[in-house]
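Count along the sequence shown from 1, then add 2; that gives the number in this note's numbering. Idealized CB from N, CA, C, for every residue including glycine. Reading through the structure tokens given below for one structure.
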Amino acid sequence: MTDTLPYAEVIGDPIAHSKSPLIHGFWLDALDIEAEYRKTHVTPDGLAAYFLQRRADPDWLGCNVTIPHKIAVMDYADDPGGVRERIGAMNTIASEIGGPLIGTNTDAGGFLQPLLRDGWKGRSAVLVGAGGAARAILFALASLDVTDITIMARDPAKGQALLDRAGIRGRAIGLSDALPAADLLVNATSLGMVGQPVLDLDLSPLPDSATVYDIVYAPLETGLLNAARARGLKTLDGLEMLIGQAALAFDIFFDAQAPRDLDEELRALLTAAE
Ligand code: NAP
Numbered sequence: 003m004t005d006t007l008p009y010a011e012v013i014g015d016p017i018a019h020s021k022s023p024l025i026h027g028f029w030l031d032a033l034d035i036e037a038e039y040r041k042t043h044v045t046p047d048g049l050a051a052y053f054l055q056r057r058a059d060p061d062w063l064g065c066n067v068t069i070p071h072k073i074a075v076m077d078y079a080d081d082p083g084g085v086r087e088r089i090g091a092m093n094t095i096a097s098e099i100g101g102p103l104i105g106t107n108t109d110a111g112g113f114l115q116p117l118l119r120d121g122w123k124g125r126s127a128v129l130v131g132a133g134g135a136a137r138a139i140l141f142a143l144a145s146l147d148v149t150d151i152t153i154m155a156r157d158p159a160k161g162q163a164l165l166d167r168a169g170i171r172g173r174a175i176g177l178s179d180a181l182p183a184a185d186l187l188v189n190a191t192s193l194g195m196v197g198q199p200v201l202d203l204d205l206s207p208l209p210d211s212a213t214v215y216d217i218v219y220a221p222l223e224t225g226l227l228n229a230a231r232a233r234g235l236k237t238l239d240g241l242e243m244l245i246g247q248a249a250l251a252f253d254i255f256f257d258a259q260a261p262r263d264l265d266e267e268l269r270a271l272l273t274a275a276e
């Protein structure tokens, strides 16, 4: 018998900024589950040693994965859900005692949650960005039957490669091109994050019924969301996806449903910690 608690954690480089321990810790407390959720700094050079060490630790339930490891971790985990092929990045690795590590991606499902909750029914979307989060979001959009997808990226060839890889017919344009009319605009770049320039788009081509979804969550109130509200558009912020992806991972690690009826309290806690 060990005197330590079972634990999951988030790994990344850097990792100090991660809000995942606050989210999972809040739910563990609310449900009175005797387990922990930590954050651990792991550099790219340290990834192999990290998994070797953790696999031998019977208390380890698995990890969430953030920048820059979401692609590299695919070398260490089995992939029963075909995430490698469909998304090309993993953000959740679960450990089964004596068994293989199982990799999945909860970013796509987490991104979808507020759209499904709100009964969003659009046909067209503009996705800004062609990085790791954009891969998961592209997959999520395709699952919603969004038939008209435009990727805007500073390197449109990178956006086109993402579309080709996902087998999605769409177009890729540059960040200085005019924004096309669309039912949904998603920012999946790091523009708007603390210390980064804002994402400066002229939103006038969007119809009044459009939704603007910024997945940046630090800060929560981005220039893009402010501009969208000034236009009277519906907005979704980065905490929606952050809490959604965490809830799916929580279920995997702790075999319990996150108490989503406490979202308002959780959002207040996360905002106060900004
Ligand atoms: P990433 O893989 O590094 O991708 C970043 C994207 O932003 C790339 O497309 C990059 O362009 C673009 N970009 C960065 N700086 C730029 C600039 N100065 N001008 C134009 N484009 C620029 O990062 P990620 O994991 O996708 O994360 C992107 C953002 O989403 C971050 O703010 C992250 O915190 C947020 N995020 C939020 C959630 C959530 O749950 N809410 C989940 C995941 C990520 P290139 O491709 O040309 O490099």
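Shortest Cα-Cα distance from Val-128 to any of Tyr-52, Gly-105, Ala-212, Leu-103 involves Ala-212. Rounded to whole angstroms, Ala-274 and His-19 show a C-alpha spacing of 14 Å. A check of alpha carbon separations from Ala-96 across Met-76, Ile-69, Gly-112 identifies Met-76 as the nearest. Ranked by how close their Cα comes to the Cα of Ile-170, the residues Ala-10, Thr-42, Ala-144, Val-218 have Ala-144 in first place. Ranked by how close their Cα comes to the Cα of Ala-251, the residues Tyr-39, Arg-86, Thr-94 have Thr-94 in first place. For Val-44, the secondary structure class from DSSP, reduced to helix, strand or coil, is coil. Around the Cβ of Gly-121, a 10 Å sphere holds fewer than 16 other Cβ atoms; the residue is exposed. Remark: C-beta atoms of Leu-203 and Leu-238 do not approach each other more closely than 8 Å. Pairing Tyr-9 with Thr-45, the inter-Cα distance amounts to about 20 Å. Uninterrupted alpha helix (DSSP H) stretches at least 4 residues long and entirely within the stretch 103-155 occur at 109-119, 134-145, given in chain order. At a cut-off of 7 Å, the beta-carbon of Leu-177 counts as near ligand 1: some heavy atom of the ligand is closer than that. Distance from the C-beta of Ala-251 to the nearest heavy atom of ligand 1 is not below 7 Å. By the neighbour-count criterion, in which 16 or more other beta carbons inside 10 Å mark a residue as buried, Ala-58 falls on the exposed side. Within the chosen limit of 7 Å, ligand 1 reaches the beta carbon of Ala-135 through at least one heavy atom. For the 8 Å CB-CB criterion, Ile-25 and Leu-268 form a contact.
When rounded, the separation of the alpha-carbon atoms in Thr-191 and Asp-5 is 43 Å. At a Cβ-Cβ threshold of 8 Å, Ala-163 and Ile-89 do not count as neighbours. DSSP, read as helix, strand or coil, puts Glu-223 in coil. Minimum Cα-Cα distance from Gly-240 among the listed residues Leu-222, Arg-231, Asp-253, Ala-135 corresponds to Leu-222. Looking from the CA of Ala-74, the closest CA among Gly-64, Ala-50, Pro-60, Gly-131 belongs to Ala-50. Thr-149 and Ala-184 have their C-alpha atoms spaced approximately 11 Å apart. Distance from the CA atom of Gly-100 to the CA atom of Trp-62, rounded to whole angstroms, is 12 Å.
Residue pairing from DSSP places Ala-10 in a beta bridge opposite Tyr-39, Gly-64. In terms of Cα proximity to Arg-262, the closest of Ile-245, Ala-232, Leu-165, Leu-193 is Ile-245. In the three-state DSSP reduction, Leu-208 falls in the coil class, being neither helix nor strand. Relative to the Cα of Pro-116, the nearest Cα in the group Tyr-78, Ile-254, Phe-28, Ile-217 belongs to Ile-217. Between the alpha carbons of Gly-64 and Met-154 lies a distance of about 34 Å.
Straight across, the Cα-Cα distance linking Ala-159 with Arg-86 is about 21 Å. Placement of the Cβ of Asp-47 at a distance of 7 Å or more from every heavy atom of ligand 1 is found.
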